[in-house]
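First the structure, in the form of structure tokens, and then the observations on it.
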Amino acid sequence: MITRKSLFASLLAASALAGPAASQTELTFNIFFPQTHFAWPVFQAWAQDISAATNGQVSIAFPPQSVAPPPGIVDAVRNGVADGGFIFNGFIGQQYPGTMLTQMPFIDLGNSEAMSVAFWETYQEHFLGVEDVRGVKMLSGFHLGPTYLCSTTDAPITTIADLQARRVWALPGTIADTLAAMDLAITASPAVQLQELTSRNTVDAHLGVTMETIVAFGAAPYTKSCVEMAPALQSASFSIFFNQRSWDRLSDEHRDAITQLSGSALAARLGAATDVADDEARTQLEAMGVSFAPIDANLLAEMQAASSSVALSWSEALNAAYDLDGMELIAKTRDRVAQVSANE
């Protein structure tokens, strides 16, 4: 006859034989893009792969809203508000100049997968050992697509005089610095503000976002025409990271699994998704009546001249911080991107 006492003893014995249950860790990863953004399913698939690779012992959860404004994501993760996230490198480039290498002028040839992998591999090769982003563990990075100079009025921008007459929104970093060197009237702010600025006619031109971002961030109805350049003046890069304490609490096995799924692998996934999203967005914009034309040669020459001072200033900062030749790194990166793009 099984008594309550004997049943309890049997359960205790079975529990002892089974050993302690595997502990589970949930890491929160912040995404500040809208939930309709194409990056969401890529990060969600990455999270599923991490769960599978760790036998369900590590899971990634995504807050429904960003835990901080885009410029403050590193601080939020460093302070433990979220365990991980990513940030536009233009927001941290002055403090951590290595993150800006692939955002230097006229590198992007329109292949975001190649750009994303080039960013992470060059950063890993030259900066991971010398650039200390305090309190976080850098794991990967990615690029969005090439940027376009667009008009929100019926008059396209075809000359330098046209551009000088405009109030231009510019993405902070290389683009804003280049346009400032051209003595243009600019508003530099996070891309999430572009819809508000264009809809209220605060600006009547924008330079710094991709085809997909124009659509996703609500600027498409206010965009009438765009000029394109190859290579592009710049494309936006992002660094992906975890809180260092959260990372250190993981087992060696789990850190290895996440590392394998991040790095160049995650960079390539995000870059490839960017290429698809940009192609689809361009088709949508053309269907809405947005026109595209090559950039005027004189306007391009003005941009190239102005951007040279941006590259030189960055190179000098890099040399002072890490004793590295920034101009040589830019040249090597241009060659690397061109080679990878040609092979695809």
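Numbering-wise (the numbering used here), the sequence shown opens with residue 198 and increments by one. Think of the CB as a built atom: it goes at the ideal place given N, C-alpha and C, for glycine as much as any other residue.
Could you tell me whether the Cβ atoms of residue i and residue j are closer together than 8 Å?
{"i": "D475", "j": "T407", "result": "yes"}
{"i": "G290", "j": "P343", "result": "no"}
{"i": "T225", "j": "A258", "result": "yes"}
{"i": "T371", "j": "Q300", "result": "yes"}
{"i": "A367", "j": "I354", "result": "no"}
{"i": "M379", "j": "A508", "result": "no"}
{"i": "V365", "j": "C423", "result": "no"}
{"i": "S432", "j": "L341", "result": "yes"}
{"i": "T395", "j": "T349", "result": "yes"}
{"i": "T356", "j": "D449", "result": "no"}
{"i": "A470", "j": "A236", "result": "yes"}
{"i": "T233", "j": "A413", "result": "yes"}
On the DSSP letters alone, give me the boundaries of the beta strand (DSSP E) that residue i sits inside.
{"i": "F439", "result": "432-440"}
{"i": "T222", "result": "222-225"}
{"i": "L346", "result": "346-348"}
{"i": "E322", "result": "First-last for E322: 309-323, but that is the alpha helix (DSSP H), not the beta strand (DSSP E)."}
{"i": "S256", "result": "255-258"}
Looking only at its chain, what residues have a beta carbon closer than 6 Å to the beta carbon of residue i, apart from the 5 residues adjacent to it on each side?
{"i": "V537", "result": "A311"}
{"i": "D305", "result": "M312, P343, P428, A429, S432"}
{"i": "F229", "result": "S263, P267"}
{"i": "A218", "result": "For A218, the predicted structure reports a pLDDT of 44, less than 50, and the residue's modelled location is therefore unreliable. A value from the coordinates is still provided. So no residue of the chain qualifies."}
{"i": "L521", "result": "L515"}
Tell me whether residue i, by its Cβ, gets closer than 7 Å to a heavy atom of the ligand ATP.
{"i": "Q241", "result": "With respect to the ligand ATP, the structure shown offers nothing to examine, as it has no ligands at all."}
Are there 16 or more other CB atoms within 10 angstroms of the CB of residue i, so buried, or fewer, so exposed?
{"i": "L346", "result": "buried"}
{"i": "R331", "result": "exposed"}
{"i": "G523", "result": "buried"}
{"i": "P369", "result": "buried"}
{"i": "G277", "result": "exposed"}
{"i": "S459", "result": "buried"}
{"i": "P267", "result": "buried"}
{"i": "T480", "result": "exposed"}
{"i": "E409", "result": "buried"}
{"i": "V327", "result": "exposed"}
{"i": "E525", "result": "exposed"}
{"i": "R397", "result": "exposed"}
{"i": "S506", "result": "exposed"}
{"i": "P294", "result": "buried"}
Could you please give the first and the last residue of the uninterrupted alpha helix (DSSP H) stretch that includes residue i?
{"i": "H340", "result": "From DSSP, H340 is part of no alpha helix (DSSP H) but of the beta strand (DSSP E) over 333-343."}
{"i": "I411", "result": "408-413"}
{"i": "V537", "result": "523-540"}
{"i": "H451", "result": "449-458"}
{"i": "A382", "result": "Element bounds for A382: not the alpha helix (DSSP H) but the beta strand (DSSP E), 382-385."}
{"i": "A429", "result": "Segment: none, A429 is in no alpha helix (DSSP H) and carries neither H nor E."}
Among residues of its own chain, excluding the 5 on either side of residue i, which ones have a beta-carbon nearer than 7 Å to its beta-carbon?
{"i": "A215", "result": "Bear in mind that the predicted position of A215 carries a pLDDT of just 41, short of 50, making it too unreliable to give a figure here."}
{"i": "P260", "result": "T225, N227, A279"}
{"i": "Q441", "result": "G332, V333, K334"}
Return the bridge partner residues of residue i from the DSSP annotation.
{"i": "H403", "result": "C347, W366"}
{"i": "I284", "result": "S436"}
{"i": "A242", "result": "A242 pairs with nothing; no bridge assigned."}
{"i": "F489", "result": "C423"}
Can you list, in chain order, the residues of its chain whose CB lies under 8 Å from that of residue i, leaving out five sequence neighbours each side?
{"i": "T222", "result": "Q254, V255, S256, R446, L447, H451"}
{"i": "A454", "result": "I247, A250, T251, V255"}
{"i": "T420", "result": "C347, S348, T349, T395, H403, I411, L482, V487"}
{"i": "E513", "result": "G523"}
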